[in-house]
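Yeah, the sequence shown ends on 844 if you go by the working numbering, and it's all consecutive.
The structure appears right after this line, and notes come after that.
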Amino acid sequence: STPDYSKTPAIAVYDNRHLAVRTLEWCRHPDTPQTTEIRPTRCQYDARGFLSHSADPRLAATGLNNFACDYDLGGKALRTCSADAGTSLMLSDAAGRAVLGMSGLVETASGSMDMSRAVTTRRQYEGSSLPGRLLSIAEQVSGRPERVTERLLWSESGAEAGANNLAGACIRHYDPSGCVETGSIALSGLALSVTRWLMKDDEAEADWQGDDRREWDAQLDGVTYATLSQGDAAGRVVGITDAVGNRQRTALDIAGMPAGRWLTVNGEEQVIVRSTTRSAAGQVLLEEHGNGVVVSREYEPQTQRLDRIKTERPAGHPQGAGVLQDLRYEYDPVGNVKCVRNDAEETRFWRNQQVEPENQYGYDSLYQLVSASGREKVNLGQ
463 STPDYSKTPA IAVYDNRHLA VRTLEWCRHP DTPQTTEIRP TRCQYDARGF LSHSADPRLA
523 ATGLNNFACD YDLGGKALRT CSADAGTSLM LSDAAGRAVL GMSGLVETAS GSMDMSRAVT
583 TRRQYEGSSL PGRLLSIAEQ VSGRPERVTE RLLWSESGAE AGANNLAGAC IRHYDPSGCV
643 ETGSIALSGL ALSVTRWLMK DDEAEADWQG DDRREWDAQL DGVTYATLSQ GDAAGRVVGI
703 TDAVGNRQRT ALDIAGMPAG RWLTVNGEEQ VIVRSTTRSA AGQVLLEEHG NGVVVSREYE
763 PQTQRLDRIK TERPAGHPQG AGVLQDLRYE YDPVGNVKCV RNDAEETRFW RNQQVEPENQ
823 YGYDSLYQLV SASGREKVNL GQ
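In structure tokens, the structure reads:
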């Protein structure tokens with residue numbers, strides 16, 4: 463039979479600036495191999511080479527655009543019109559920072575703009591005598607009062623800030639869910655101490671109006687959730703203690719990849735991953751878990767794609783040796799998964815059907831997933 467991808471080229475047309483102005487793709491569905499659909503994509507650019515209009519296969523044949531964009535002198539998008547997301551506006555200051563934005567605008571058939579669902583976003587920054595860091599973000603939904611949804615407080619220079627590497631760093635971030643405070647930062651930039659407060663009323667919308675921090679803190683619950691992190695000289699996390707005192711510890715190999723993991727709960731340390739063996743390319747070959755289960759992986763030598771994952775209890779395991787899962791993968795030439803087979807399961811027969819322990823995936827000529835089939839194991843208790 464003729465393959466689904468036979469005679470399905472992709473053609474691109476470029477202008478004299480080497481910008482793609484038209485693309486044609488031939489799509490053929492596996493269920494209708496005799497029918498081929500041409501899907502065009504059309505693009506237009508302004509004098510500076512920025513994309514100004516585009517139409518995907520849904521509207522290209524009608525002459526309408528799916529996307530249109532206007533830019534400022536610096537090349538930043540000022541006005542974006544999308545057939546899916548509507549119209550949005552974004553104004554930037556002289557430094558190129560976003561200051562005022564509007565989204566959810568809908569253009570009516572008469573050409574007017576419907577702003578009933580518009581959302582306006584305002585950003586405030588430090589003055590010209592300071593580095594110009596972000597201070598607050600305010601949002602206003604059409605017909606409702608404006609809310610300050612985020613506030614950022616930055617550390618100044620000083621002995622205490624210097625001792626904790628906080629000079630110039632954001633030490634408090636009031637966000638829609640509460641507040642995050644950074645207590646110390648490593649020289650590598652890793653946050654070592656982070657404390658979280660949640661909103662006192664979990665159904666209330668955060669509004670950090672005014673300049674009084676005491677009013678902001680009054681909206682927070684008094685319970686603190688502190689997370690402590692430990693890093694190595696390269697800034698990689700090797701230990702984390704969460705808000706309830708549970709500690710995660712990670713051992714790294716000579717290449718900086720995780721080699722073992724441990725978890726301490728109620729003062730008792732448990733092994734999560736006992737050891738990890740990797741290939742020269744850094745791929746996991748063998749992983750021994752704390753419960754004695756071993757997971758091995760094999761890869762195709764030519765493409766390095768995952769070929770097999772085998773999970774088993776080795777000989778001498780307290781629950782006895784046995785294969786728990788043995789997945790094998792098949793790919794098409796471009797790397798899409800065609801079949802996943804579990805050799806640890808048996809072929810079953812049900813209602814005059816032979817049901818193999820595998821999943822099959824089908825794609826059209828554009829490599830879009832169009833079908834998926836597999837075996838479902840019904841819960842015997844239902």
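We treat Cβ as the ideally placed atom computed from N, Cα and C, and that holds for glycine.
Please read these numbers as outputs of a predicted model, since none were measured by experiment.
Cβ separation of residue i and residue j, assumed to be a contact under 8 Å, to the nearest whole Å
i	j	result
Arg789	Arg770	In the sequence as displayed, the identity of residue 789 is Leu instead of Arg. Contact flag correct, Cβ pair sits at about 7 Å.
Leu615	Arg584	Contact doesn't hold; Cβ gap of about 18 Å is too wide.
Val568	Asp576	4 Å
Pro720	Thr712	5 Å
Thr611	Ala668	6 Å
Gly511	Gly536	14 Å between Cβ atoms; not a contact.
Ala743	Gln766	6 Å
Ser550	Ser574	Incorrect: roughly 17 Å between the Cβ atoms, too far for contact.
Ser835	Gln822	5 Å
Asp679	Leu660	About 12 Å; that fails the 8 Å criterion.
Gln781	Asn804	With a Cβ gap of about 20 Å, Gln781 and Asn804 do not count as contacting.
Gln732	Gly752	6 Å
Ser578	Ser604	6 Å
Exposure of residue i, with buried meaning 16 or more beta-carbon neighbours within 10 Å
i	result
Leu526	exposed
Ser827	buried
Ser833	exposed
Arg613	buried
Arg490	buried
Tyr829	exposed
Glu838	exposed
Asn728	exposed
Ser617	buried
Tyr476	exposed
Leu628	buried
Ser572	exposed
Ala522	buried
Trp812	exposed
Ile647	buried
Ala777	exposed
Ser516	buried
Which of helix, strand or coil DSSP assigns to residue i
i	result
Gly624	helix
Arg675	helix
Ala580	coil
Ala522	helix
Asp664	coil
Leu513	strand
Ala474	strand
His491	coil
Ser412	No answer is possible for residue 412: the residues shown for the chain start at 463 and end at 844.
Ala777	coil
Ser646	strand
Gln787	strand
Arg837	coil
Arg810	strand
Met575	strand
Ala631	coil
Gly754	coil
Ile702	strand
Leu481	coil
Ser468	coil
Met564	strand
Tyr825	strand
Ala717	coil
Glu618	coil
Pro763	coil
Asn798	coil
Asp508	coil
Candidates the options, of which the one nearest residue i by Cα
i	options	result
Arg759	Leu747, Thr765, Arg767, Pro720	Leu747
Tyr687	Leu768, Arg775, Thr644	Thr644
Val756	Gln764, Thr739, Glu762	Thr739
Ser737	Cys543, Gly754, Ala666	Gly754
Asn798	Thr542, Leu831, Ile473	Leu831
Pro795	Tyr825, Arg479, Ile734, Gly784	Tyr825
Glu750	Gly548, Tyr761, Arg723	Arg723
Asp664	Asp637, Ile500, Pro780, Ala547	Asp637
Glu499	Ser468, Glu487, Leu768	Glu487
Leu562	Ala539, Glu622, Gly718	Ala539
Ser619	Ser639, Glu774, Leu592	Leu592
Gln602	Thr570, Gln671, Val642	Gln671
Asp704	Arg658, Ala580, Glu774, Glu808	Arg658
Residue-chain proximity (residue i, chain B), Cβ-Cβ < 9 Å
i	result
Met661	In the structure shown, chain B does not exist; there is a single protein chain.
Closer than 8 Å: residue i CB and nearest the ligand COA heavy atom
i	result
Pro502	Judged by which ligands are present, the structure shown has none, so any question about the ligand COA falls away.
Point to revise | Validate contact between the region 473-485 and the region 497-508 using beta carbons, cut 8 Å, 3 pairs | key: yes
Practice item. Report yes or no: do the region 688-700 and the region 644-655 share at least 3 C-beta pairs separated by less than 8 Å? Key: yes
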